[in-house]
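S.K.: The structure under discussion is supplied below as structure tokens; questions concerning it will follow.
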Amino acid sequence: MSTETATPLGTVARPPRSGLKKQQRGQARWAIWLILPTMALLAVVIGYPIVSAIVMSFQKDAGLDSSTGMFVQGGFAGFQNYAHWLLQQCASSGGTVACPPGSLGAQFWNAVGVTFFFTVVTVILETVFGLWMAIIMNRAFRGRGIVRAAILVPWAIPTAVTAKLWFFIFSAAGVANALIGQRILWVSGEWSSRWAIIIADTWKTTPFMALLILAGLQLIPDEVNEAAKVDGASTVQRFWRVTLPLVKPALMVAVLFRILDALRIYDLPAILTGGGGGSGNATTTLSILVVQQIRQGPNSASALSTITFIIIFLVAFIFVRFLGANVVRTQESQQKGTL
Amino acid sequence: MSAIAGPAAATAEGRALRLERTGTANKVGKRRRRNQSIRTAISAIVIVVWCVAPFYWMIVTSFRDVGFTFDTTPWFTHFTWDNYVTALSTNLGNHLGRALLNSLIIGAVTTVICLLFGIFAAYALARLDFRFKGIVMGVILGASMFPGVALLTPLFQLFTSWGWIGTYQALILPDISFALPLTVYTLTSFFREMPWDLEEAARIDGCTPAQAFRKIILPLAAPAVFTTAILAFIASWNEYLIASQLTTDATQTVTVAIAGFTGSQPHQEPYTAVMAAGVVVTIPLVILVLIFQRRIVAGLTAGGVKG
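As they're listed, the protein sequences go chains R and X. This note's numbering puts the last residue of the first sequence at 846; the count rises by one with no breaks. This note's numbering puts the last residue of the second sequence at 318; the count rises by one with no breaks.
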């Protein structure tokens, strides 16, 4: 991203102070009217559903109680739906009991674990490979255009198609087993189904990571690396002491985006391993659990989706607060080329 | 390493040093450079193969006779068009053709709505000075990172009671929730890079702000708007979670159609036909992306939001 905005030689004469203030106020008025429609539309498509999800999450689900077979009326539930998931309490006629194993409620902490496991492993793999790809693409060589075009292919393929493609590759008689000379049941084994998803996700998303990091790398002036080279720094030293610190802001933003995206992973486990994967819930992520719950009890599903949302929000907050991934500022300074 | 502390000073120093050393270090440098370019070439080949091989495998399999589904010959063998006929036929209860049309309509309407709203917001964010700009930007960024499942449960209830399940608007509205932030975000970055001096010139020549926007800025911004449109369209085209829950057979999108593709035998995955369907769905995107490669990369990295 080169910012070659032509700067006029003599800056246009600034209007006097009072005029400037007036102009600013005028701009602010314009800005409100320009932004209002977007904010209003977002309030309709995001704000309204969120509020109704929170309202729903405090309502009881009407229907047959799975443990007693009694019909339960709806009504205010308090934090019962949240306790159902977080504390594993299932409603019964005489208060609450521990959720029976195998029920959706009992899978909550497993789903949290699976979701975080996927997030940590895929983001680490994608960061390492993405950084490597970006460094290669940042070098000048013949055929660089081909690499840059090739890297867009996995990104352009819809995740649903990616899932079907890897489902075929990972089938028992498929090409993955043929290549490694094994007969692994990728789709139905407990750990193999998890790794199948991790591999497919890494394939699909590393290019995106590489492009974001590459944008950061391109802002590092050649002279810095040249100078380090002349000072006698080895390739490894230059990577750790020059490239990495300078690309860190862009890298952090890319990692944050990927973490938030990985925490809501749905398409791949839903299609590639049919939701459950090995032993029925080896690849059940939080999003999958919500979808399974919707038809059994929408209010309880709302509580779960709100919990998911809060988890993602907390992770983002911690990441921005303690690791200093300043998204807005980094983006702006990338634009100005002052990273 | 002084390079980090003071890049400018280190650079000047480095230049002087380099001049001094050129004579003696020439040979070593040359060999090292050749080694590095060989390593770069190998890495580049690995990257290309890793990125393209699965896609290539999808194409090869899609042209393979169904009796040789698990043939692992790495080039085209037992060539046939049958899988494409199967993929597009409706005999087995698959409606890929209709799904393509559905996705096209939903994607197009979503994109147009997002552009109509997003252009103005992006203009304000890129150009005008006002308080709370950071907050607005944060809200839009936060919205783009919003988990789809959090919308799904209330929308499922709402659309069921309104009888909206199986309508286009039931998918267009949720699609706006992630396509609009993406649009605003990408356009804002593009708008920041435009030569805005021209606008000022138009203003001096007597244009109103609205005229300056319409006559000067919009034509200049057309490529940026076009790129953003592609990104928004792809995001909508690829959506699966919400589409899988809020559609009926009649409004199925391509991603849902492919995920639920059925073969002639129950419990037997029609791999070759699915690969053919996958190619049909993917090829237009891949061609589009490769043609507008440069602009799309610029848009992706500027927006920093996954499509």
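Ideal Cβ placement from N, Cα and C applies to all residues, glycine included.
Report the option in R/S695, R/E697 and R/A680 whose CA atom is closest to the CA atom of R/Q689.
M.R.: R/A680
S.K.: Could you tell me which uninterrupted alpha helix (DSSP H) segments, each at least 4 residues in length, are contained entirely in the segment 692-760 of chain R, listed from first to last along the chain?
M.R.: 697-724, 729-737 and 742-745
S.K.: Is the separation between the beta-carbon of R/Q799 and that of R/L611 shorter than 8 Å?
M.R.: yes
S.K.: Indicate the three-state DSSP secondary structure (helix, strand or coil) for X/R75 in the structure shown.
M.R.: strand
S.K.: The alpha helix (DSSP H) spanning R/L779 covers which residue range?
M.R.: D774 to L779
S.K.: Leaving out five residues before and five after X/Y95 in sequence, what residues of the same chain have Cβ atoms less than 6 Å from its Cβ?
M.R.: A287
S.K.: Taking Cβ to Cβ, would you say X/F141 is nearer than 8 Å to R/Q534?
M.R.: For the pair X/F141 and R/Q534, the CB atoms are nearer than the 8 Å cut-off.
S.K.: I want to see whether chain X comes within less than 8 Å of R/F625, judged by CB atoms only; does it?
M.R.: no
S.K.: With burial defined as no fewer than 16 other Cβ atoms inside 10 Å of the residue's Cβ, what is the status of R/G582: buried or exposed?
M.R.: exposed
S.K.: Is there at least one Cβ from chain R nearer than 8 Å to X/L229's Cβ?
M.R.: no
S.K.: Looking at X/I269 and X/V292, is the spacing between their C-beta atoms short of 8 Å?
M.R.: yes
S.K.: Please tell me whether X/G25 has its Cβ less than 8 Å away from any Cβ of chain R.
M.R.: With a pLDDT of 49 at X/G25, under the threshold of 50, the modelled position of that residue is not reliable, and no figure is offered here.
S.K.: Does X/W173 pass the burial test, meaning 16 or more other C-beta atoms within 10 Å, or should it be called exposed?
M.R.: exposed
S.K.: Alpha carbons only, please: which of X/V77, X/Y67 and X/D76 is nearest the one belonging to X/P85?
M.R.: X/Y67
S.K.: Answer yes or no: do X/T122 and X/A240 have a C-beta to C-beta separation smaller than 8 Å?
M.R.: yes
S.K.: Would X/D140 pass as an interface residue toward chain R - the criterion being a Cβ-Cβ separation below 8 Å?
M.R.: yes
S.K.: Mind pulling the chain R residues with CB within less than 9 Å of X/F79?
M.R.: Those within 9 Å of X/F79 in chain R number zero; the least Cβ separation is about 12 Å.
S.K.: I want to see whether chain X comes within less than 8 Å of R/F565, judged by CB atoms only; does it?
M.R.: no
S.K.: Going by CA-CA distance only, name the one from R/I818, R/N645 and R/F674 that's closest to R/D729.
M.R.: R/N645
S.K.: Going along the chain, which residues of its own chain have a beta-carbon closer than 8 Å to the beta-carbon of X/I307, five neighbours each way excluded?
M.R.: T238, I241, L242 and V300
S.K.: Contact criterion: CB-CB distance below 8 Å. Does R/S700 meet it with respect to chain X?
M.R.: no
S.K.: In whole angstroms, what separates the C-alpha of R/F586 from that of R/Q614?
M.R.: Our two residues, R/F586 and R/Q614, have alpha carbons roughly 19 Å apart in a direct line.
S.K.: What does X/P234 touch in chain R if you count any residue whose Cβ is under 7 Å from its own?
M.R.: Within chain R, no residue comes near X/P234; the closest Cβ sits about 14 Å away, beyond 7 Å.
S.K.: Compare the C-beta of R/I819 with all C-beta atoms of chain X and state if any pair is closer than 8 Å.
M.R.: yes
S.K.: Are the Cβ atoms of X/A2 and X/F202 separated by less than 8 Å?
M.R.: Given a span of 12 to 318 for chain X in the structure shown, any question on residue 2 of chain X remains unanswerable.
S.K.: If I follow the unbroken alpha helix (DSSP H) through R/V635, where does it start and stop?
M.R.: F615 to N645
S.K.: Which same chain residues, not among the five before or five after X/T259, have their C-beta less than 8 Å away from its C-beta?
M.R.: I176 and G177
S.K.: Comparing alpha-carbon positions, which option in R/T626, R/L796, R/I766 and R/F636 lies nearest R/F824?
M.R.: R/I766
S.K.: Measure from the alpha carbon of X/C62 to the alpha carbon of each residue in R/N788, R/A550, R/A777 and R/D708, then state which is nearest.
M.R.: R/D708
S.K.: Is any beta-carbon of chain R found at less than 8 Å from that of X/A16?
M.R.: For X/A16, the pLDDT reaches just 39, beneath the cut-off of 50, and the residue's location in the model is therefore unreliable, although a value from the coordinates is still provided. For X/A16, the closest Cβ of chain R is not nearer than 8 Å.
S.K.: Is R/W592 close to chain X, meaning its C-beta is less than 8 Å from at least one C-beta of that chain?
M.R.: no
S.K.: Enumerate in chain order the residues of its own chain whose CB-to-CB distance from R/C606 is below 6 Å, with the five nearest sequence positions on each side excluded.
M.R.: Q595, C597, G612 and A613
S.K.: Using the three-state DSSP reduction, which class does R/Q853 fall into: helix, strand or coil?
M.R.: Residue 853 of chain R is absent from the structure shown; chain R starts at 508 and stops at 846.
S.K.: Does any residue of chain R bring its CB to less than 8 Å from the CB of X/V160?
M.R.: yes
S.K.: Could you tell me which chain R residues have their CB closer than 8 Å to the CB of X/P220, listed as they occur along the chain?
M.R.: W537
S.K.: Report back the beta-carbon spacing between X/G118 and X/S255 to the nearest angstrom; my notes put them in contact at under 8 Å.
M.R.: Incorrect: roughly 16 Å between the Cβ atoms, too far for contact.
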